[in-house]
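A.B. asks: My numbering applies: residue 57 is where the sequence shown begins, and numbers increase by one. C-beta atoms are modelled at their ideal positions from N, C-alpha and C, and glycine is treated no differently. Since this is a predicted model, take the numbers as computed values, not measurements.
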Amino acid sequence: MSTRTTSLFALTPEAFWKWGRALLAASLVFGLVLVALIAWKASYLAPFFPLALAALSGALFLFKRPALNLYVALAAFVLITGYSEGLQIQEALYGMYFLAVLAYWFISRIFFYRDRLIHAPEDAALLFFLLYAGASAVWGMLFGAQVSTIIGELLVLVMLAFYFPVKEQCARSQRGTLIVLGIIFWFALFVSLRNVLEYRAALSSATKLYQIATGRVALNEVLLMMPALAFLVMLLYARRWHTGVVLLGCFMIVFAGLILTQSRGYWAAFLLGGMALFVLTDRRRKGRILLLMFGGMAVVFLLGLLLFADFMTTIVGGVIERFSSLGTAITSDVSLVNRFYETAAVWERIQTNPILGHGVGAPYQYFNITVDATRAWAFVHNGYAGLWFKFGLVGLGLMLYFWGRSIWNGVRLFRMQTAPRLLRLAGLSAALCLIGEALVANTSNPFLISDATLMIALWGSLASGGLAYAERFSQVEEA
């Protein structure tokens, strides 16, 4: 075979873009013909063509810049953080976009650059888990899983695949870690401000006192709990007063958003993360932690007086009642008790196939005490029971190994004195966030909720990628 033929058909980035330009030219000709046909037969669609061309131009620009493309795909996740019935247009478009980003990254790494995907044990655990989860769809259908449910659950789990490209960026430079942290903080600030606006709207439409006292915005709690812990870490170790002021303001906003969710599980997760921070940090900063946490609640109260002056007494009473019920929720909260019944029913199913599991999307039946009827569905609130039920001990073991290894990587990175300061703080934040999520995963399944799944992937990649960079950095310093 000639050299020319080899260069044309070799799977290299240069050959890819050579064929890409030819494909683009063919697409342009096809597009012109299509525009002419639509102008002739369906002129009402013509105004949408400028938007389509702009989107195509933007896609070409981004896909030639993989790092920027990755960051844009992550930052744009806020487009689907809201909740609405049915599939929205922005959700469909974002889904196609992030799948294209991930597909391009994996194809280019495997076929074009011939790079290894596995560089550490946690990489192998996560990759094998994702492959196993996809393969489990085969026996999932045998156990009654619907195709739509399988697709829905796999689309959530595929968010974990962001771990690999994000880790690559963090392992290359500190800049990657800084940008990913910035994206996580962007999630938190966006969700906080959106939730406050929705909370104000709900209060304005409230007609009864109990609606004010129990009002909440239980949405994207994980995007508030985890960044609140990270802001607390950054604030605790801030060196300059003006940096501390900015971080304090951000912490207060996100902490207030977390309180407004009135989610006792995520409150408990934040407290557990704070306790872990208290244990891991030095003695001089332990007092600051208590001061910041109590000071944070005081400032949130003052902000509440400014924003919700007419309802503040009732709101505070509702929050205090909600917080004081943490100890009795196990027996008095109907929703929580119902989840225990749910877990018991799942446990019975687990015992019938404990090794392989019942497959992604597999349903089960249990008596739902909140609706007083037997219910058949695929969602499991307990994350650990859900993993075991659907993916068996194989999937549960792989995911727990990845989770535990990510926490340990974060702690190791924080304790590495030769590592850059930013990476050490990112490692500590990752460990705290994953420790906190390990608690709330008992009642809120992070593997069936896209925002929680993405956050686990991001914090795991920050810990593993940051550690890889720090170890290389230390070797260079020693040399």
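Looking at the unbroken alpha helix (DSSP H) that takes in R172, where does it start and where does it end?
C.D. replies: Counting along the chain, R172 sits inside no alpha helix (DSSP H), nor does DSSP assign it H or E at all.
A.B. asks: Between L443, G453 and R395, which lies nearest to C425 when the distance is taken from Cα to Cα?
C.D. replies: Correcting the residue identity first, residue 425 is Ile in this sequence and not Cys. It is R395.
A.B. asks: Leaving out five residues before and five after T62 in sequence, what residues of the same chain have Cβ atoms less than 7 Å from its Cβ?
C.D. replies: Any reading at T62 needs caution, since the residue's pLDDT is 40, under 50, leaving its predicted position unreliable; the model's value is listed next. Contacts found: none.
A.B. asks: Identify whether F423 lies in helix, strand or coil by the three-state DSSP scheme.
C.D. replies: strand
A.B. asks: Return the CA-CA distance between D507 and Y422, expressed in angstroms with no decimal places.
C.D. replies: Rounded to whole angstroms, D507 to Y422 spans 27 Å at the Cα level.
A.B. asks: Have a look at the DSSP bridge pairing and note the partners of A432.
C.D. replies: Q421
A.B. asks: How many whole angstroms separate the CB atoms of A217 and L187, which I take to be in contact at a CB cut-off of 8 Å?
C.D. replies: Not confirmed; about 11 Å, so no contact.
A.B. asks: Closer than 8 Å is the cut-off here; do at least three beta carbon pairs connect the segment 320-331 with the segment 514-533?
C.D. replies: At 8 Å Cβ cutoff, the stretches do not touch.
A.B. asks: Among the candidates Q318, W444, R339 and A418, whose CA atom is the shortest distance from the CA of F435?
C.D. replies: A418
A.B. asks: Is it true that the segment 512-519 meets the segment 455-465, where meeting means three or more beta-carbon pairs spaced less than 8 Å apart?
C.D. replies: yes
A.B. asks: Measure the CB-CB distance between G492 and G522 and report whether it falls below 9 Å.
C.D. replies: no
A.B. asks: Where does T408 land, buried or exposed, given buried means 16+ other C-beta within 10 angstroms?
C.D. replies: exposed
A.B. asks: Between V450 and L412, which are expected to be in contact by the criterion C-beta below 8 Å, what is the C-beta distance as a whole number of angstroms?
C.D. replies: Contact between V450 and L412 holds, with the beta-carbon distance rounding to 7 Å and staying under 8 Å.
A.B. asks: Which residues bound the alpha helix (DSSP H) around R296?
C.D. replies: Per DSSP, R296 belongs to no alpha helix (DSSP H) and is neither H nor E.
A.B. asks: Run through DSSP, which three-state label would T399 get?
C.D. replies: helix
A.B. asks: Starting from the Cα of G439, find the closest Cα among L213, K120, W195 and A132 and give me that residue.
C.D. replies: L213
A.B. asks: Out of K446, W464 and L481, state which residue places its alpha-carbon closest to the alpha-carbon of W195.
C.D. replies: Closest in alpha carbon position to W195, among K446, W464 and L481, is K446.
A.B. asks: Do you know how far the Cα of I463 is from the Cα of L443?
C.D. replies: 19 Å
A.B. asks: Start and end of the alpha helix (DSSP H) containing L412?
C.D. replies: First-last for L412: undefined, no H or E at that position.
A.B. asks: Which residue from E398, V247 and S113 puts its Cα closest to that of A56?
C.D. replies: Residue numbering for the chain in the displayed model covers 57 to 535; residue 56 lies beyond these limits and cannot be assessed.
A.B. asks: Which residues in the same chain as P283 place their Cβ atom closer than 6 Å to its Cβ, once the five residues preceding and following it in sequence are excluded?
C.D. replies: Within its own chain, the residues whose Cβ lies closer than 6 Å to the Cβ of P283, once the five positions on either side in sequence are excluded, are I240, F241, A244 and V310, listed in chain order.
A.B. asks: I'd like to check one pair, I174 with G416: are the Cβ atoms closer than 9 Å?
C.D. replies: One detail in the question is off: residue 416 reads as Val in this sequence, not Gly. No, the Cβ-Cβ distance between V416 and I174 is not below 9 Å.
A.B. asks: If you count every other CB in all the chains shown that lies within 10 Å of the CB of Q473, and 16 or more means buried, which is it?
C.D. replies: exposed
A.B. asks: Would you check if the distance between the CB atom of L234 and the CB atom of L452 is smaller than 9 Å?
C.D. replies: no
A.B. asks: Roughly how many angstroms lie between the CA atoms of C306 and E147, to the nearest whole one?
C.D. replies: 28 Å
A.B. asks: How about A180: is its Cβ closer than 8 Å to a heavy atom in the ligand ZN?
C.D. replies: With respect to the ligand ZN, the structure offers nothing, as it holds no ligand at all.
A.B. asks: Looking at V236: is its Cβ nearer than 9 Å to the Cβ of L155?
C.D. replies: no
A.B. asks: On the premise that S520 lies in contact with N465, defined as a C-beta separation below 8 Å, what is that separation, rounded to the nearest angstrom?
C.D. replies: 5 Å
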